[in-house]
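Read through the structure below, which is laid out as structure tokens, and then see the notes.
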Amino acid sequence: MPLESCMILLDNSEFMRNGDYIPTRMEAQSDAANMIVNQKTQSNPESTVGVIAMSSSGPSSGAELLVSPTDDLGKILTALHGVPLCGEMDVAGKDAVDIAASVQVAALALKHRRNKNGSQRIVLFVGSPLQCADKRALVKAGKQLKKNNVFIDVIALGELEENEPKLRELVDAANGTAAAAAAGGDDAATVERTCHLVTIPAGVLPSDVLITSPILRGDGGGGGGGGGGGSAPAAGAGGGGGDGFADFGGVDPNMDPELAMALRVSMEEERARQERVAAASNEGSSNQEEKTGDDGEAAAGAAAPEAMDVAAPAPEVGEEMNDEDALLQQALAMSMAEGAGGAEEAAAEGGGDDAAAAMDTEGGDDDDDAAMQMALAMSMQGEGEEKSAEGGQQFQDPAFVNQLLGSLPGVNPDDPAIQEALRKANEDADKSDKKDDGKKDE
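Going by numbering that gives the first Met the number 0, 165 is the number at position 166 of the sequence shown; the sequence numbering is gapless.
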């Protein structure tokens with residue numbers, strides 16, 4: 000903020016004992032004044048602040064200058080917290096505080112300020128009833144401030160219905176004749192208000208209202224010359240809206256650049272987090288829909304194999320009669336395949352060692368013997384008696400068996416193991432025939 004010299008006028012009359020503000024009007028006023036002092040001194044290191052008590056216990060009982068405009072924060076805070084309550088409440092024809100005279104004293108103190116380059120401003124706290132205050136005197140004081148380029152900000156604490164119209168006359172006069180006309184509704188949009196009136200409702204902490212008012216945001220922060228209402232937000236809005244600094248959390252970046260930047264970064268991070276949460280929720284809903292569709296397809300796919308498993312046993316019932324034929328054909332096919340494989344291996348290993356060839360032949364013979372025995376045993380269990388008789392007669396014929404074995408590649412019909420197997424098969428056939436004949440005779 001630009002360089003500025005400021006005078007703070009405190010109402011220290013007996014009316015400030017009232018407890019309609021927390022904890023009292025005096026304590027609430029002191030807290031608000033302390034915040035204003037910190038803002039003024041921190042915004043510009045060369046800014047100066049002075050303090051005036053509008054009631055005194057001396058013979059004059061008028062305004063008392065506690066601290067001239069200075070940049071010594073210690074002196075200023077000591078003066079703020081050392082203001083006593085004094086003055087008389089019931090004086091005929093006289094208010095507890097004289098606003099016009101106090102403003103003139105403040106203007107005189109600003110005239111003798113140390114640094115003449117900065118602007119001049121008065122911050123006036125009013126918490127006493129202005130029953131005897133003359134509007135014409137207040138307008139005259141406002142015009143005098145306008146003439147001397149002194150701005151004034153008025154903060155009303157209590158007695159609002161009685162004090163607000165008179166204080167508005169003072170502020171409008173300090174803003175100039177154009178500002179007075181704008182207060183009546185003419186050219187309101189073209190008038191720049193440099194003086195402000197902020198009313199604090201009962202029960203509200205003044206510092207909470209002032210933090211968003213144009214008093215702390217500077218001259219360019221708002222246009223409302225008056226304020227008031229039944230709540231803190233209304234009072235803050237009356238003194239000038241804070242929408243101009245919405246990106247900085249309602250804080251003027253010129254007043255506190257570090258705080259404004261921190262609030263802006265925090266707001267941007269929160270906005271980005273909310274956007275990520277919204278995107279994640281949208282993605283989650285779409286994934287849920289896809290998962291639901293996949294689950295339906297998987298359930299349908301799982302139902303199909305179950306149906307096939309249930310229907311699979313049906314063909315087995317119809318094929319029970321053909322199991323023996325199928326097994327016989329499978330045994331014969333396996334024996335043929337093994338014989339063919341043994342012959343191919345023997346041909347591929349031709350010219351090798353004689354002992355290895357003999358061992359391979361004996362191994363192939365053993366496999367063929369086992370396959371032949373299985374085929375002979377299963378062939379004897381045919382479906383009909385005619386097939387069994389015919390097959391038995393054929394295998395009992397030595398010429399037929401030698402011819403069959405000679406047709407198999409790699410099989411030697413003269414092998415003792417094969418001859419033993421044929422002998423056992425013929426004996427078994429003879430025994431079965433004898434049993435059948437015996438059953439027929441019986």
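Cβ atoms here follow ideal geometry from the backbone N, Cα and C, with glycine treated the same way.
Beta-carbon spacing of residue i, residue j below 8 Å
| i | j | result |
| --- | --- | --- |
| S42 | L79 | no |
| L129 | I98 | yes |
| G117 | E269 | no |
| L326 | M371 | no |
| I7 | V82 | no |
| N11 | S54 | yes |
| V48 | T40 | yes |
| L107 | Q119 | no |
| D152 | H195 | yes |
| P415 | N401 | no |
| L209 | A31 | yes |
| L156 | P205 | yes |
| L375 | A424 | yes |
| L403 | I417 | no |
Continuous alpha helix (DSSP H) stretch holding residue i: start and end
| i | result |
| --- | --- |
| V30 | According to the sequence as given, residue 30 is Asp; it is not Val. Element bounds for D30: R24 to S42. |
| S206 | P205 to L209 |
| L79 | L72 to H80 |
| A155 | From DSSP, A155 is part of no alpha helix (DSSP H) but of the beta strand (DSSP E) over V149 to L156. |
| V170 | L159 to N174 |
| K115 | Where K115 is concerned, there is no enclosing alpha helix (DSSP H), given that its DSSP letter is neither H nor E. |
| Q143 | K134 to K146 |
| L215 | P213 to R216 |
Limits of the beta strand (DSSP E) - the one that residue i falls within
| i | result |
| --- | --- |
| S101 | Not the beta strand (DSSP E): S101 falls in the alpha helix (DSSP H), residues I98 to K110. |
| I7 | E3 to L9 |
| L65 | E63 to T69 |
| I454 | Residue 454 is absent from the structure shown; the chain starts at 0 and stops at 441. |
| I121 | S118 to V125 |
| V50 | T47 to A52 |
Buried or exposed (CB count within 10 angstroms, at least 16 for buried), residue i
| i | result |
| --- | --- |
| Q329 | exposed |
| A105 | buried |
| F399 | exposed |
| C131 | exposed |
| A135 | According to the sequence shown, residue 135 is Arg rather than Ala. So R135 ends up on the exposed side. |
| R192 | buried |
| G126 | buried |
| A140 | buried |
| Q442 | Residue 442 lies beyond the range of the chain shown here (0 to 441); nothing can be said about it. |
| T211 | buried |
| R422 | exposed |
| A279 | exposed |
| P200 | buried |
| G283 | exposed |
| N174 | buried |
| V36 | buried |
| R24 | buried |
| A52 | buried |
Length of the line joining the Cα atoms of residue i and residue j
| i | j | result |
| --- | --- | --- |
| K142 | Y20 | 32 Å |
| F124 | G18 | 16 Å |
| G202 | L144 | 32 Å |
| M34 | V138 | 29 Å |
| Q273 | N281 | 12 Å |
| S101 | A259 | 36 Å |
| A172 | M266 | 40 Å |
| D70 | E45 | 7 Å |
| E289 | A271 | 27 Å |
| G61 | Q103 | 12 Å |
| V410 | D324 | 25 Å |
| S406 | S431 | 28 Å |
| V149 | F14 | 28 Å |
| V197 | A95 | 21 Å |
| K74 | L166 | 29 Å |
| E26 | E163 | 21 Å |
| M335 | D429 | 28 Å |
| H111 | D207 | 33 Å |
| R16 | L72 | 27 Å |
| T77 | K93 | 30 Å |
| S285 | L215 | 50 Å |
| R275 | E161 | 54 Å |
| E426 | P408 | 27 Å |
| R263 | C5 | 30 Å |
| R113 | A261 | 35 Å |
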